[in-house]
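K.L.:
Numbering (this note's numbering), first residue to last: 779 to 854.
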């Protein structure tokens, strides 16, 4: 089973928008478009990083390349 991850963009920690939790599971998510699907080119669609809240399951999507995940909580 996956272990919980913390996430941040720069020095700003990511918190769940629904419950305020700070731990997530990470998953790559395809941002499919109907045009690309119609031409059988779904592989060319853009992707995002999905952070799934460890507590409530809310899915947050990020396309910002500055997003970082780590296993231990960082102290600021």
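Backbone N, C-alpha and C fix where the C-beta goes; we use that ideal spot for every residue, glycine too. Computed from a predicted structure; not experimentally measured.
(1) Near residue 849, which residues of its chain fall below 7 Å by C-beta distance, leaving aside the five closest residues on each side in sequence?
(2) What's the C-alpha gap between residue 838 and residue 831?
(3) What are the boundary residues of the beta strand (DSSP E) that residue 804 is part of?
(4) Using C-beta distances below 8 Å, list every residue in its chain close to residue 851, excluding the 5 sequence neighbours before and after it, in chain order.
(5) Spatial neighbours of residue 805 within its chain, please: CB distance less than 7 Å, with the 5 preceding and 5 following residues excluded, ordered by chain position.
P.N.:
Judging by the given coordinates:
(1) Closer than 7 Å at the Cβ level, and outside the excluded window around residue 849, lie 781, 783.
(2) Roughly 8 Å separates the two Cα atoms.
(3) Element bounds for residue 804: 802 to 808.
(4) Cβ contact annotation for residue 851 (same chain, cutoff 8 Å, sequence separation greater than five): 784, 800, in chain order.
(5) The beta carbon of residue 805 sits closer than 7 Å to the beta carbons of 828, 830 from its chain, once the five residues preceding and following it are set aside; these are given in chain order.
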